[in-house]
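The sequence shown begins at 143 in this note's numbering and counts up one residue at a time.
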Amino acid sequence: MKKIFLVRHGESKWNVLKKIQGQQDILLTDRGIKEANLIGDRLIDEKIDEIYSSDLKRAYDTATIIGKKLGLKVTPMKDLREINFGIWEGISNDKLCTEYYDELCLWRKEPEKLRIEGAESLKELQLRTMAAVNKIINDGVGDNILIVSHSATLKTIILGLLNMDLGYFKNLTLNNVSLTIIENRDYNKVIKVLNDTCHVKESWLK
143 MKKIFLVRHG ESKWNVLKKI QGQQDILLTD RGIKEANLIG DRLIDEKIDE IYSSDLKRAY
203 DTATIIGKKL GLKVTPMKDL REINFGIWEG ISNDKLCTEY YDELCLWRKE PEKLRIEGAE
263 SLKELQLRTM AAVNKIINDG VGDNILIVSH SATLKTIILG LLNMDLGYFK NLTLNNVSLT
323 IIENRDYNKV IKVLNDTCHV KESWLK
């Protein structure tokens with residue numbers, strides 16, 4: 143049995159500014175670094191064999207902090223990057239609400255149908271990310287694999303691993319440094335943990 147551990151990156155500077163990041167290479171905040179250390183502590187007893195990460199700094203730096211805790215090197219993969227959001231990248235949430243209201247409503251209600259200029263569709267994102275995940279699963283040398291990536295990317299991976307329709311994308315939410323665990327059992331893949339953030343209690347970050 144293999145377990146796939148999925149972790150979203152720590153808080154980034156654009157998370158604070160509430161700007162659309164996509165594939166823009168944004169750094170972690172000080173809080174994000176603390177969050178990465180906390181999820182690293184959480185994973186110490188999980189017997190992780192390998193760590194893979196998006197090559198964007200907010201994810202790779204989160205993975206590297208975890209790797210130092212676990213004594214493991216991180217393998218960066220471009221195909222684990224966040225969705226390319228095209229012309230939305232760098233836009234604030236407020237501007238998105240005023241200038242792209244109809245598109246934003248579609249993203250919230252039926253994101254699999256949204257087409258943004260210069261952006262990937264959810265289907266294109268999932269094809270890219272699942273190709274990377276399947277390679278990791280097939281080539282990996284251990285039973286417990288950690289992947290550090292981004293919200294939209296991880297949601298398409300979860301749905302892909304569980305053979306669930308992309309229409310359920312809107313029903314998932316993943317917080318910063320949340321932990322999701324999927325077990326690859328003989329008869330099926332199952333979610334053991336979803337969006338768990340018990341390791342980042344507010345008092346721990348002060």
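Backbone N, C-alpha and C define an ideal beta-carbon position, used for all residues, glycine too.
- Around the CB of TYR194, 16 or more other CB atoms lie within 10 Å, so the residue is classed as buried.
- Nearest neighbour of LEU288 by Cα position, chosen from TYR202, LEU159, LEU169, GLN163, turns out to be TYR202.
- In this model, GLU231 and LEU308 are separated by some 22 Å (Cα to Cα).
- Every alpha helix (DSSP H) stretch that sits fully inside the region 288-319 and reaches 4 residues is listed by chain position as 293-303.
- Residue pairing by DSSP places PRO253 in no beta bridge whatsoever.
- Where LYS334 is concerned, the enclosing beta strand (DSSP E) starts and stops at 331-338.
- Beta bridge pairing from DSSP links VAL216 with ILE193.
- With a 10 Å radius around the Cβ and a threshold of 16 neighbouring Cβ atoms, ILE229 comes out exposed.
- Boundaries of the beta strand (DSSP E) around ILE146: 144-150.
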